[in-house]
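Asks:
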Amino acid sequence: MVTTLSVSQDLQYLVELFPRDSMGALHPLYLSTRDIALAANDPTAPNREYDGRVQVALVVKREMFADGRIGGKSLPAYGNGIEIAVDSDWKAANYPLWKAWGWDGAQARVLQGPRGSTSYAAYSVLWDGQCTGENSFGLGSVQVPLSDLQTQIDKDIESTTYDGSGGFNGGTDLKGKVKPTVLGQVLRAAPVPVDTANLWYDLSPLTGLHSVQAVYDGGVPLTASASNPPPAGNYYADLANGRLRLGSTPARQITVDCRGAFGSNATTAADICKALLTGRLGFASGQIDDTSFAALNTKNSATVGYYAAERATGTEVLDALIGSVGGFYTGSNGKVVVGRLEAPTATSSSDSALALYLEDADLEKGALTVNPEAIPPYRLIVKAARSWVGALQESDLAGAATAAMRAFFAEEYRSTTPVDVAAVQTLHPLSKPLEVETCLLTVADAQTEAARLSGLYSTRREVLTLRIETQPFSIELGGQVWISSALHVIDQAYRVIGIEENTRDSGRVTLTLWG
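In this note's numbering, the protein residues as written are 789 to 1303.
Shown next, in the form of structure tokens:
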């Protein structure tokens, strides 16, 4: 629905902090931008009092992609700390406690609601995250630093290591190394030789495997066996424990095509990433926007895969998987949200798909800048079907390896047929080709994505930055905004790719638009 600017609602903000003492007990702190006591009959928090000392509750910057570069890595959210006003009486009563408590990793929540409301249900969650560490104590204020979404995601997806005691615990050569993990479907993954005396190899020992399609010794396929140990030239797959056993000492590099059991055998980017967030990165199910993950699955349910043979962070994996389907991830209203960049679809200023309609009168004077996007590529190639062992040399392959197998191992990725747009090269002689590496399993799915991306990139685009007066925290990434400006000779729809807003400068929002 098309909406015009509105800043009529006077807002207030609640801040909830949960530091812990040396025994691990939590000490909830309830603060607000104004003193407030919830109603005695409130079903959630009867008679809860919020101390009106908050000067700045939240500063948030969200971008689809880092540095505003279309197609780059996601920049989920950036949040500055909470600023609390203090006086001498407060310091005397609270400083010793605040300094003694542990703050790093403490839950922090910021809620927004109408001024004067005494009903907890009237407040919506803007931020549900963590504090990053110790507070900064100034003369008249305290700064409580917040952890942004990126910090929470940028953790190892697996921390369990081999202890080097032998057997399935690995030898001394593996001591301290992180155990591998298979996510989705992967090709030519190099397993970890965990028990060399008995020819056992690990692929995903902590989460198991759904299936093994093929095992190769120097590019020569081995035969699957139900026997343990298997005969010479065969392999036995222990799916539950995510490992396999060979029947004879390999002559060359062992590689495996397999599907992981992680996330209930998940194979789509949305499903794998959702399982990672809740199963490995510490997010509660209530912190996941299920609707957006389901929508991304609907837009692209292609099979993807990621093999973490060594240490890998959530940021690395989510960027790779979500990026493989042209998506992004961010934080909104205390939840992780995913989406995909699409070209604007609104065809008129009254289109129901629009979130906002802006005219010259709505824009702050001098607050709109128009910058061209990079010169569009005349050719687009998407790479898929990754060989997770990387490109191998001829010396790594057995003499019996077929020509087709040698060709596969010679390249780390398979490439789509180039999608060329001759008109781009005619108009832009300095245009360059663009290659996109993905975790997509098949070249066919990559070809579909290449055609979609070409439609986005082959058109000359522009990026607008503007500051407007509107209700904060009411616009979402990916939403459409129509700009009708006689001053800038603009009359079209744009996608929101960046938002910066805060609770101190309530009513003013900076938008980055693309179209």
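Ideal placement from N, C-alpha and C gives every residue a C-beta, glycine not left out. What you are looking at is a predicted structure, and each value in this text was computed from that prediction instead of being measured.
Alpha carbon to alpha carbon, how far is Ala894 from Gly1266? Give it in angstroms, no decimals.
Replies: Locating residue 1266 in the sequence shown gives position 478, counting from the first residue. Locating residue 894 in the sequence shown gives position 106, counting from the first residue. In a straight line, the C-alpha of Gly1266 is about 31 angstroms away from that of Ala894.
Asks: Keeping to the same chain, check which residues put their C-beta closer than 7 angstroms to that of Glu1225; ignore five residues upstream and five downstream.
Replies: Stepping through the sequence shown from its first residue, residue 1225 is reached at position 437. Counting only Cβ-Cβ distances below 7 angstroms, and skipping sequence neighbours, we find Lys1171, Tyr1201.
Asks: Kindly list the residues whose CB is nearer than 6 angstroms to the CB of Leu1142, restricted to its own chain and excluding five residues on each side of it in sequence; keep chain order.
Replies: The count along the sequence shown starts at 1 and reaches residue 1142 at position 354. Only Val790, Ala1134, Gln1268, Trp1270 meet the Cβ criterion.
Asks: Taking only three categories from DSSP, how would you classify Thr1079?
Replies: Residue 1079 sits at position 291 when you count from the first residue of the sequence shown. Note: Thr1079 maps to helix in three-state DSSP.
Asks: Please list, in chain order, all residues of the same chain as Asp963 whose beta carbon is under 7 angstroms from its beta carbon, the five residues on each side excluded.
Replies: Along the sequence shown, read from residue 1 onward, the residue named residue 963 stands at position 175. The sequence as given places Lys at residue 963; Asp does not occur at that position. Correct list, in chain order: Tyr950, Asp951, Gly952.
Asks: Quick one, which of Val974, Thr984, Gly959, Leu1168 has its alpha-carbon nearest Ala1096's?
Replies: Residue numbering aside, residue 1096 sits at position 308 when the sequence shown is read from its first letter. Cα-wise, what sits closest to Ala1096 is Val974.
Asks: How many Å lie between Ala1162 and Trp1176 at the Cα?
Replies: For the purposes of this step, residue 1162 is taken as residue 374 along the sequence shown, with counting starting at 1. For the purposes of this step, residue 1176 is taken as residue 388 along the sequence shown, with counting starting at 1. When rounded, the distance between both Cα atoms is 32 angstroms.
Asks: Would you please state the rounded distance, in angstroms, between the beta carbons of Leu1084 and Val1113? I believe it to be under 8 angstroms.
Replies: Position 296 of the sequence shown, counted from the start, is the residue given in the question as residue 1084. Position 325 of the sequence shown, counted from the start, is the residue given in the question as residue 1113. About 7 angstroms; that satisfies the 8 angstroms criterion.
Asks: My guess is that Ser1262 and Val1209 are in contact by the Cβ rule of under 8 angstroms, so how many angstroms apart are they, rounded?
Replies: Working through the sequence shown from its first residue, we reach residue 1262 at position 474. Working through the sequence shown from its first residue, we reach residue 1209 at position 421. The Cβ separation is near 37 angstroms, so there is no contact.
Asks: Determine the burial state of Asn829: buried for a count of at least 16 other Cβ atoms within 10 Å of its Cβ, exposed for fewer.
Replies: For the purposes of this step, residue 829 is taken as the residue at position 41 of the sequence shown. Exposed, since its Cβ has fewer than 16 Cβ neighbours within 10 Å.
Asks: For Val1092, tell me which candidate among Asp1078, Glu871, Ala845, Asp1107 has the shortest Cα-Cα distance.
Replies: For the purposes of this step, residue 1092 is taken as the residue at position 304 of the sequence shown. Minimum Cα distance to Val1092 is reached at Asp1107.
Asks: Pull up the DSSP beta-bridge partners for Val826, would you.
Replies: One-based indexing of the sequence shown puts residue 826 at position 38. The amino acid occupying residue 826 in the given sequence is Leu; Val does not appear at that position. Its beta-bridge partners do not exist; DSSP assigns none.
Asks: Taking only the alpha-carbon atoms, compute the straight-line gap between Ser1089 and Thr969 and give it to the nearest angstrom.
Replies: Within the sequence shown, numbered from 1, the residue matching residue 1089 stands at position 301. Within the sequence shown, numbered from 1, the residue matching residue 969 stands at position 181. Spanning the two alpha carbons is a distance of roughly 21 angstroms.
Asks: Go through its chain and collect everything with a Cβ distance to Leu987's Cβ below 6 angstroms, but skip five positions before and after it.
Replies: Start at 1 with the first residue of the sequence shown, and residue 987 comes out as number 199. The residues are Arg1033, Leu1034.
Asks: Tell me, please, whether the region 840-854 touches the region 1274-1290 by the rule of three or more beta-carbon pairs shorter than 8 angstroms.
Replies: They touch, by the three-pair rule.
Asks: Considering only their Cβ atoms, is the gap separating Arg808 from Tyr908 smaller than 9 angstroms?
Replies: Reading the sequence shown from its first residue, position 120 is the one you call residue 908. Reading the sequence shown from its first residue, position 20 is the one you call residue 808. No, these two residues do not count as a Cβ contact at 9 angstroms.
Asks: Go to Thr1043, then tell me how far its beta strand (DSSP E) extends in each direction, as first and last residue.
Replies: Position 255 of the sequence shown holds residue 1043. Taken as a continuous stretch (DSSP letters only), the beta strand (DSSP E) holding Thr1043 covers 1042-1048.
Asks: Are the beta-carbon atoms belonging to Ile870 and Ala845 less than 9 angstroms from one another?
Replies: As a working note, residue 870 is residue 82 in the sequence shown. As a working note, residue 845 is residue 57 in the sequence shown. Closer than 9 angstroms, so yes.
Asks: By a C-beta neighbour count over all protein chains shown, 10 Å radius and 16 as the cutoff for buried, is Ser796 buried or exposed?
Replies: For the purposes of this step, residue 796 is identified with residue 8 of the sequence shown, where counting begins at 1. Bear in mind that a pLDDT of 45 at Ser796, under 50, signals an unreliable position, so the number given afterwards is only what the model happens to contain. By the neighbour-count rule (16 or more Cβ atoms within 10 Å), Ser796 is not buried but exposed.
Asks: Would Leu802 be called buried (16 or more neighbouring beta carbons within 10 Å of its own) or exposed?
Replies: In the sequence shown, the residue the question calls residue 802 occupies position 14. Buried, because 16 or more other Cβ atoms sit within 10 Å of the Cβ of Leu802.
Asks: Since Asp839 sits in a beta bridge, which residues does DSSP pair it with?
Replies: The residue labelled residue 839 in the question sits at position 51 within the sequence shown. Partner(s): Leu819.
Asks: Identify the continuous alpha helix (DSSP H) that holds Tyr1245 and give its terminal residues.
Replies: In the sequence shown, counting from the first residue as 1, residue 1245 sits at position 457. Segment 1231-1245, the alpha helix (DSSP H) holding Tyr1245.
Asks: Are the region 1212-1226 and the region 1059-1075 in contact at 8 angstroms, needing three or more beta carbon pairs?
Replies: Touching, no, given that fewer than three Cβ pairs across the two stretches are closer than 8 angstroms.
Asks: What number of angstroms, rounded off, separates the C-alpha of Tyr838 from the C-alpha of Met811?
Replies: The residue given as residue 838 occupies position 50 in the sequence shown. The residue given as residue 811 occupies position 23 in the sequence shown. Roughly 25 angstroms separates the two Cα atoms.
Asks: What runs of the alpha helix (DSSP H), each 4 residues or longer, lie entirely inside the region 995-1073?
Replies: For the region 995-1073, whole alpha helix (DSSP H) runs of length 4 or above, ordered along the chain, are 1050-1053, 1057-1067.
Asks: In the DSSP assignment, find the beta strand (DSSP E) that holds Pro902 and state where it starts and stops.
Replies: Position 114 of the sequence shown, counting from 1, holds the residue named residue 902. From DSSP, the beta strand (DSSP E) with Pro902 extends over 890-902.
Asks: For Lys963, which beta-bridge partners are listed by DSSP?
Replies: Looking up residue 963 in the sequence shown gives position 175. Note: Lys963 sits in a beta bridge opposite Tyr950.
Asks: Run the CB neighbour count on Lys1062, radius 10 Å, all protein chains shown included, and call it buried at 16 or more, exposed below.
Replies: Taking the sequence shown and counting its residues from 1, one reaches residue 1062 at position 274. Its Cβ being crowded by 16 or more others within 10 Å, Lys1062 is buried.
Asks: If you follow the alpha helix (DSSP H) that Gln918 is part of, which residue opens it and which one closes it?
Replies: If you number the sequence shown from 1, residue 918 lands on position 130. No alpha helix (DSSP H) holds Gln918; the beta strand (DSSP E) holding it covers 912-919.
Asks: Between the Cα of Val1231 and the Cα atoms of Ala1191, Arg1174, Ser1242, which residue gives the shortest distance?
Replies: As a working note, residue 1231 is residue 443 in the sequence shown. Closest option to Val1231, Cα to Cα, is Arg1174.
Asks: Are the C-beta of Asp1184 and some C-beta of chain B separated by less than 9 angstroms?
Replies: As a matter of chain content, chain B is missing from the structure shown, which is built from one protein chain.
Asks: Grab me the residues of Gly1006's own chain with a C-beta within less than 7 angstroms of its C-beta, minus the 5 sequence neighbours each way, in chain order.
Replies: One-based indexing of the sequence shown puts residue 1006 at position 218. Correct list, in chain order: Ala1039, Arg1040, Gln1041, Asp1184, Leu1185, Ala1186, Ala1189.
Asks: Which residue's Cα is closest to the Cα of Ala985: Gly959, Cys919, Thr1253, Ile872?
Replies: Start at 1 with the first residue of the sequence shown, and residue 985 comes out as number 197. The candidate whose alpha carbon is nearest that of Ala985 is Gly959.
Asks: Output the distance between the C-alpha atoms of Glu1130 and Gly1115, rounded to the nearest integer angstrom.
Replies: Walking along the sequence shown from the start, residue 1130 turns up at place 342. Walking along the sequence shown from the start, residue 1115 turns up at place 327. Taking the straight line from one Cα to the other gives about 9 angstroms.
Asks: Kindly indicate which three-state DSSP category Val930 falls into: helix, strand or coil?
Replies: Within the sequence shown, the letter at position 142 stands for residue 930. DSSP places Val930 in strand when its eight states are reduced to three.
Asks: Following the continuous beta strand (DSSP E) through Thr1118, name the residue where it begins and the one where it ends.
Replies: Along the sequence shown, read from residue 1 onward, the residue named residue 1118 stands at position 330. First-last of the beta strand (DSSP E) with Thr1118: 1115-1120.
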